[in-house]
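Counting in my numbering, the sequence shown runs from 10 upward without gaps.
Notes to accompany the following structure.
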Amino acid sequence: MKKWYLVLISLVVFTLLASACGSNNNNGGSASNKASDNTTAATTENTSEETNTAAAEPESEAAPALEPVTLKWYYVQFGLPQDQETVAKAFNEMTQKLINTTVELVPIDFGDYENKMNTLVASNEEFDLVWTSSWAFKYNDNVNKGAFMEITDEMLDKYAPTIKSSFSQVAWNDTKVNGKTYAIPNFQTFTKTPGFVIQKRFVDKYGFDTTKVKTYADLEPLLEQIKKDEPDIVPFAMNKDQSMLNEAYGLQWLGGVHYYLNDPFKAVDILETPEYKTHVDLMKSWNEKGYINEDAASVSDLKPMLASGKVAVAQDFTLAPGSEAGKKNDFGGNEVVYAPIAEPTFTGVTPTMNAISHNSKHADRALMLLELLNTNSDLFNLLTFGVEGKHYTKVGDNTIKITDNSGYTNNTGWIFGNVTNGYLLEGQPADTWERVKKLNDTATVPALSGFNYNGENTKAEGANMDSVYKEYAPGLETGTIDPNKYVPLLVEKMKKAGLDTVMKDRQKQIDEWAAANGKQ
Numbered sequence: 010m011k012k013w014y015l016v017l018i019s020l021v022v023f024t025l026l027a028s029a030c031g032s033n034n035n036n037g038g039s040a041s042n043k044a045s046d047n048t049t050a051a052t053t054e055n056t057s058e059e060t061n062t063a064a065a066e067p068e069s070e071a072a073p074a075l076e077p078v079t080l081k082w083y084y085v086q087f088g089l090p091q092d093q094e095t096v097a098k099a100f101n102e103m104t105q106k107l108i109n110t111t112v113e114l115v116p117i118d119f120g121d122y123e124n125k126m127n128t129l130v131a132s133n134e135e136f137d138l139v140w141t142s143s144w145a146f147k148y149n150d151n152v153n154k155g156a157f158m159e160i161t162d163e164m165l166d167k168y169a170p171t172i173k174s175s176f177s178q179v180a181w182n183d184t185k186v187n188g189k190t191y192a193i194p195n196f197q198t199f200t201k202t203p204g205f206v207i208q209k210r211f212v213d214k215y216g217f218d219t220t221k222v223k224t225y226a227d228l229e230p231l232l233e234q235i236k237k238d239e240p241d242i243v244p245f246a247m248n249k250d251q252s253m254l255n256e257a258y259g260l261q262w263l264g265g266v267h268y269y270l271n272d273p274f275k276a277v278d279i280l281e282t283p284e285y286k287t288h289v290d291l292m293k294s295w296n297e298k299g300y301i302n303e304d305a306a307s308v309s310d311l312k313p314m315l316a317s318g319k320v321a322v323a324q325d326f327t328l329a330p331g332s333e334a335g336k337k338n339d340f341g342g343n344e345v346v347y348a349p350i351a352e353p354t355f356t357g358v359t360p361t362m363n364a365i366s367h368n369s370k371h372a373d374r375a376l377m378l379l380e381l382l383n384t385n386s387d388l389f390n391l392l393t394f395g396v397e398g399k400h401y402t403k404v405g406d407n408t409i410k411i412t413d414n415s416g417y418t419n420n421t422g423w424i425f426g427n428v429t430n431g432y433l434l435e436g437q438p439a440d441t442w443e444r445v446k447k448l449n450d451t452a453t454v455p456a457l458s459g460f461n462y463n464g465e466n467t468k469a470e471g472a473n474m475d476s477v478y479k480e481y482a483p484g485l486e487t488g489t490i491d492p493n494k495y496v497p498l499l500v501e502k503m504k505k506a507g508l509d510t511v512m513k514d515r516q517k518q519i520d521e522w523a524a525a526n527g528k529q
């Protein structure tokens, strides 16, 4: 990490937090720089005037010591860590020292996350921070429910100046709903490169050319061979929440709508497209041939199955640069190769964010915590990887090896803050973070980038449609039920739930947005 950045962050935190942060030993990491309007990369080299002014204030005018508070933070995990308590204790030792704050960390398994959080929001339970995204516990929907607190520029200037300066205005625009920001994005790859993760041993053994994989059907020769010759291996692993990779069929999901890549300003109902029927027909065929795990329509967590090393292929929505080492750990220590099916596209910053609950009594401290997680690499790595010597060992200055069966193998830094603050895993290239930043800079920007569907006018229809979709989609998209019978039934029930009304509203908003932004 750059020494000047470390000094600057320490000065900022000192000024904001005074004696409560007097012993701060930040190791803040820098995010990437990007001035172009087509990026969401960081601009940490252009520190704000407010930050410089604050750092220059005389010690006699420092802020008073902070009162102790407790924050509650709900966030998603893919399987609950057994040794959560050890990490939580160490985490709170740091946050109490830095900002006099105790944090009740509440991880929830992905399969339960939306239902539990929707229940908590509906009951108006008091909490402070919550992970949200464009694809799970959806950001826009919760803003429209009034679940999140607005985060103003003044709040960012005062409590999270580094976060504010770490994103371009294009990035902040992507967070806005009706002109206001309600969550803090986590710096990661803001691109999408969909494709497949394949165990390398099978690629080598059967001479499979991954560069020719551009569709699901292109995988079939390998899956057939594995089913024939590898009786203990699941050829293609799926869970009940995995929808299809849209790009394999010339489609894209962005801003709350589906559209064809060659006709981006026309919203489509994907369930009524011929491509959807083609896909679920193929999945039905694969299921009948034994390529897909038998419990695909009911299982929510694939982690144990992958960790057994007995999965040949899995799909992935974001093949991030340098992430093969992490996938190797996921696949039971077996090396993997990637088979991307599309070029990287910029998807915005909303796929991973942390919001402040509308009823939080400590929004200022919640922002201070997020600021620390985006600047203090020690705190970030603790929450991401656990305790050194227990959950991992260092094998280089910034490289670690995960300890097998340690009880804490999250490696989900993209949920907590700036991933470029994180350690590299053994086997990850030293330039991984530079590659992430470069990809953010160069990825294709979709025509609908910046559009976010506001479902306020169709909340009832949206809720009804969601219930119907969850009833039938897992069975269809894992090949468990008959597409010829259930696709028409699904569409029929979706229309009764209000699909046509929602589609009309989506198109209306696209037309208005496109006109206002000179897109048509």
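Every residue gets a Cβ at the ideal spot worked out from N, C-alpha and C, and that includes glycine.
Note that the structure is predicted; figures quoted are calculated from it, not measured.
Per-residue DSSP class, three states only, for residue i
| i | result |
| --- | --- |
| residue 532 | Since the first residue of the chain shown is 10 and the last is 529, residue 532 is not available in this structure. |
| residue 62 | At residue 62 the pLDDT is 33, less than 50, meaning the model places this residue with poor confidence; the figure from the coordinates comes in the next sentence. In the structure shown, residue 62 sits in a helix (DSSP, three-state: H, G or I). |
| residue 410 | strand |
| residue 104 | helix |
| residue 497 | helix |
| residue 394 | helix |
| residue 502 | helix |
| residue 86 | strand |
| residue 514 | helix |
| residue 285 | helix |
| residue 355 | strand |
| residue 276 | strand |
| residue 185 | strand |
| residue 301 | strand |
| residue 92 | coil |
| residue 369 | coil |
| residue 528 | coil |
| residue 296 | helix |
| residue 176 | coil |
| residue 380 | helix |
| residue 329 | coil |
Beta-carbon spacing of residue i, residue j below 7 Å
| i | j | result |
| --- | --- | --- |
| residue 78 | residue 208 | no |
| residue 519 | residue 355 | no |
| residue 363 | residue 172 | no |
| residue 438 | residue 202 | no |
| residue 371 | residue 80 | yes |
| residue 421 | residue 467 | no |
| residue 432 | residue 90 | no |
| residue 430 | residue 394 | no |
| residue 452 | residue 353 | yes |
| residue 195 | residue 423 | yes |
| residue 199 | residue 449 | yes |
| residue 373 | residue 168 | yes |
Residue i - partner residues in DSSP beta bridges
| i | result |
| --- | --- |
| residue 262 | 267 |
| residue 364 | 139, 192 |
| residue 350 | BP columns for residue 350 are empty, so no partner. |
| residue 112 | 80 |
| residue 323 | 206, 246 |
| residue 402 | 410 |
| residue 345 | 208 |
| residue 117 | 85 |
Cutoff 6 Å; reference residue i; Cβ partners in own chain excluding five residues on either side
| i | result |
| --- | --- |
| residue 434 | 334, 335 |
| residue 278 | 512 |
| residue 477 | 502, 503, 506 |
| residue 306 | 249, 483, 484, 487, 489 |
| residue 339 | 315 |
| residue 47 | With a pLDDT of only 32 at residue 47, under 50, the local geometry of the prediction cannot be trusted, and no value is derived from it. |
| residue 205 | 322, 324, 348 |
| residue 515 | 266, 276, 462 |
| residue 113 | 81 |
| residue 457 | 263, 264, 273 |
| residue 135 | 368 |
Close Cβ partners of residue i (< 8 Å) along its chain, the five nearest in sequence each way excluded
| i | result |
| --- | --- |
| residue 146 | 85, 122, 123, 126, 127, 139, 140 |
| residue 474 | 503, 506, 507, 508, 511 |
| residue 255 | 203, 261, 262, 267, 279 |
| residue 129 | 83, 136 |
Cutoff 7 Å; reference residue i; Cβ partners in own chain excluding five residues on either side
| i | result |
| --- | --- |
| residue 235 | 211, 242, 244, 321 |
Check: residue i C-beta below 6 Å from any heavy atom of the ligand SAH
| i | result |
| --- | --- |
| residue 361 | Inclusion of the ligand SAH in the displayed structure is not the case, the ligand content being empty and no account of it being possible. |
Complete runs of the alpha helix (DSSP H) confined to the segment 120–168 [at least 4 residues]: 148–154, 162–168
For a minimum of 3 consecutive residues, which ranges assigned as the beta strand (DSSP E) are wholly contained in the segment 404–483? 408–411
Which parts of the segment 199–248 are runs of the alpha helix (DSSP H), unbroken and 4 residues or longer, counting only runs that do not cross its ends? 209–214, 229–238
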